[in-house]
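Novice: Numbering (this note's numbering), first residue to last: 358 to 443.
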Amino acid sequence: MLSKCSNPDCTTLFRYLHEGKLFRIELDVVKEDTATFGVDPELRKPVRRTEFFWLCRECSAEMTLDFKKGVGVETRPLARPHAVAS
């Protein structure tokens, strides 16, 4: 359940979807010590779990979320376009 902004340095509480940016990230559920855990035995495909993350209006104007396997969800600055020389 969402309770606050996903930026660890921000304390803004989640109240409304329209105040900020919502991210939907699908994660593969695999457990290393059991070969069949997280896999449908008939399909032989990993089971996916969807998680939601939210950045408040102020944080979403300056950063986005990035998922790194083995690390999890992290914030990173938004890529800014370079100015074109005229």
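The beta carbon of each residue, even a glycine, is placed where N, CA and C say it ideally should be.
When you compare each of Lys426, Ile382, Leu435, Leu384 to Cys416 by their alpha carbons, which one comes out closest?
Specialist: Sequence index remark: in the sequence shown, residue 416 carries index 59 (1-based). Comparing Cα positions, the closest option is Leu435.
Novice: Among Met420, Leu379, Thr421, which has the Cα closest to the Cα of Glu408?
Specialist: In the sequence shown, residue 408 corresponds to position 51, counting from 1. Selected option, being the one with the closest Cα: Leu379.
Novice: Please confirm whether Leu384 and Arg406 have their CB atoms less than 9 Å apart.
Specialist: For the purposes of this step, residue 384 is identified with residue 27 of the sequence shown, where counting begins at 1. For the purposes of this step, residue 406 is identified with residue 49 of the sequence shown, where counting begins at 1. Yes, the Cβ-Cβ distance between Leu384 and Arg406 is below 9 Å.
Novice: Checking the sheet assignment: what are the DSSP bridge partners for Pro434?
Specialist: Position 77 of the sequence shown holds residue 434. Beta-bridge pairing links Pro434 to Met420.
Novice: Distance, Cα to Cα, Trp411 vs Leu359?
Specialist: Translated into positions along the sequence shown, residue 411 becomes position 54. Translated into positions along the sequence shown, residue 359 becomes position 2. Looking at the two C-alpha atoms, the distance is approximately 7 Å.
Novice: Kindly identify the DSSP beta-bridge partner or partners of Thr407.
Specialist: Indexing the sequence shown from 1 puts residue 407 at position 50. According to DSSP, which records beta bridges pairwise, Thr407 is partnered with Glu383.
Novice: At the level of alpha carbons, what is the spacing between Asp366 and Gly377?
Specialist: Stepping through the sequence shown from its first residue, residue 366 is reached at position 9. Stepping through the sequence shown from its first residue, residue 377 is reached at position 20. In a straight line, the C-alpha of Asp366 is about 16 Å away from that of Gly377.
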